[in-house]
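The block underneath contains the structure these notes are about, expressed in structure tokens.
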Amino acid sequence: MDFTPCHPQPFTFQQAISFDPEVSADEISRLQNSISHLKRTQEELQEYAKDPDIAQAIKENNQTLASQDERIFMLKLALTQRGASNATSAHYDLPPEPELESRNGHGGFTGDNGLEPLDAPLPGDNSGLWPSSGSTGEDEQESGVHL
């Protein structure tokens, strides 16, 4: 599979596939934080959009937002190529911010809160916390995904 970005990116798709998954996840988080702050800035700049310099800054910020959004997509796609089947899940999405959802601006991350349900035992259910009687748990193989 190949991916050709629409915006200039600091790495190719093939390079992204070779990244350590932890590096990709950290970069996704960093980009999401950057997007969140830049969207807030864009909202504040709208008040002064009649100024040609501010209008130019808004335009450039929109291009940056699109580029960063594409880079996140590229990293998620690369993680999927590496076998991280849930790389495109809501886990990597930004949680919605009420003031951003109501605005009709760039791309907006809307939908659920970006959190996935945990497969943890219910309160008071300790069955999954300790090995069953007679078992030390040392020789048992745990199921699940380990990063």
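In terms of the working numbering, the sequence shown has 577 at position 75, counting the first letter as 1, and numbering is strictly consecutive.
Using N, Cα and C, we set each Cβ at its ideal position, and we do this for glycine too.
Bear in mind the structure is a predicted one, so any value in this text is a computation, not a measurement.
Buried or exposed for residue i, going by 16 or more other Cβ atoms inside 10 Å?
i: M576; result: buried
i: S526; result: buried
i: D522; result: exposed
i: K561; result: exposed
i: A580; result: buried
If you run the structure through DSSP and keep just helix, strand and coil, what is residue i?
i: M503; result: coil
i: A580; result: helix
i: D571; result: helix
i: A557; result: helix
i: Q517; result: helix
i: D522; result: coil
i: K541; result: helix
Here's a check: name, in chain order, each residue in its chain whose Cβ is nearer than 8 Å to the Cβ of residue i, leaving out the five neighbours to either side.
i: S536; result: Q570
Would you call the CB atoms of residue i and residue j closer than 7 Å?
i: L540; j: N564; result: no
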